[in-house]
Every structure is written in C-alpha cells, then in structure tokens.
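Novice:
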Amino acid sequence: MKIVVFFSGTGTNLESILREQKNYDYEVIGAFTNNPNAKGIEICDKYETECKIIDHKDFNSREDFDKNISIFLDQINPDYIILAGYMRIISKSLVDDWEGQIINIHPSLLPKYPGLDTHKKALQAKDKMHGTTIHYVISELDAGPIIRQESFEIELNDTIESLTNKVKEIENKIYPETISNLI
Ligand code: GRF
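In structure tokens form, the structure reads like this:
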C-alpha cells in the first residue's frame, strides 16, 4: 500500500509514520507540505523521502492551489493521502476526487471540538477526558467517519502544553498502526 503524507509543521506524526514503515504494511512514496519553513521537511531529508513543497501563499484561491496538488497526486498516484498536521482545508473537488482515500488525525475526541485550539477548549470546558481521532476526510471539516479514537483522563495540573504532548505521544503510536490496518 502506497501512501503520501501531508504536513504543515513540526512533523512528529510524519516522523513516526516514516520510522515505522519498516514494521508495517505501507510504503511512504512521498510527502507534501504547503509550508516552505516546516520542520518536517528536514525529517523527510533524514528518511530520504521526497517532499513536494507548494506554498499556498503563491495562489489567490484554494481551488488554484489544490489544482497543483491534484497534478502532484496524479503523478505519484498513492493509495492513501495521510494528513499529519496538515493545516489547510482541502477543497471539495479534491476531496471528491480522492473520496475514501484521505485520512486525518485530529487532536480531540470528535465530534467534540472540530477545528483549532482543541486542547484549550477541552480545558475550558473542564472535560474529564481528552484524546485523538483518526477519521476519513469529507468536505465538511473534521466530520468524516471515525476509524479510531484513543482517550485519556485529564489531570488537574494539565495545561495546553501537557495535553499537546500527551495527545501527540498517543498519535505517534497509533497512526502508523492504523494506517497499516487500512488495507
Ligand atoms: C497533531 O496533534 C494532529 O492531531 C494535528 O496536528 C498535530 C500535528 O503534530 N492535526 P505534528 O506536526 O505531527 O507534530
């Protein structure tokens, strides 16, 4: 199974997916970022994985930007597109073209807290539990069918930073395994 990983930032999930591919049934055939300064680009170099960079700021519309992503995807033709901290909304036409083949990981127990600032929202709501969700991408934001969720108890001294780290630690463990089980 061939996958391409989309990211915009730090890339801890990207790294765990690249590192674990030797243990699982998938092959990372490429990576993509919209952010020329993303730390994840160095991680791609480390794992000798080609990273396509297209800066969304060079385009006037989401559709024009996504058209260029389409061309890239048609060239490499992956089985799955794995979003790992990819911070752009994907246009409906691109989602439709790859229906059922785009997977995302979101740092909340969906349907709670789609969108940004999930750790802050969980703390503000004094939630007892927090976690992460792996789901299929549909054109509605963070709303596609859920593949897997993992949760943990929020402790009294948790902060946005500690929740970010706890969630990422779980994500880095379960994302490679879940991708492998997609077949
Ligand atoms: C993760 O927490 C993921 O759930 C969210 O963005 C974060 C990306 O982190 N979509 P990283 O870049 O993989 O470290």
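Under my numbering, the first residue of the sequence shown carries the number 0, and numbering increases by one thereafter. C-beta atoms are modelled at their ideal positions from N, C-alpha and C, and glycine is treated no differently.
Please classify residue 11: is it buried, with 16 or more other beta-carbons within 10 angstroms of its beta-carbon, or exposed?
Specialist: Buried, since its Cβ has 16 or more Cβ neighbours within 10 Å.
Novice: Tell me which residue opens and which closes the alpha helix (DSSP H) that residue 136 is part of.
Specialist: Premise fails: residue 136 is in no alpha helix (DSSP H) and is neither H nor E.
Novice: CA-CA distance, residue 9 and residue 172?
Specialist: So the two alpha carbons sit approximately 16 Å from each other.
Novice: Is any non-hydrogen atom of the ligand ZN found closer than 7 Å to the C-beta of residue 8, if you look at the structure I gave you?
Specialist: Absent from the structure shown: the ligand ZN. Ligands present: the ligand GRF.
Novice: Whole angstroms is fine: what's the gap from residue 86's alpha carbon to residue 72's?
Specialist: 18 Å
Novice: By how many angstroms is the C-alpha of residue 112 removed from the C-alpha of residue 29?
Specialist: The straight-line gap from Cα to Cα measures roughly 30 Å.
Novice: Taking only heavy atoms of the ligand GRF into account, decide whether any of them is closer than 7 Å to the Cβ of residue 175.
Specialist: No heavy atom of the ligand GRF is found nearer than 7 Å to the CB of residue 175.
Novice: In chain order, which beta strand (DSSP E) runs of at least 3 residues are fully inside the region 10 to 71?
Specialist: DSSP runs (the beta strand (DSSP E)) wholly in the region 10 to 71: 26 to 32, 50 to 52.
Novice: Using a Cβ-Cβ cutoff of less than 7 Å, which residues in the same chain neighbour residue 93 once the five nearest sequence positions on both sides are dropped?
Specialist: 65, 68, 69
Novice: Among 105, 156, 145, 157, which has the Cα closest to the Cα of residue 130?
Specialist: 105
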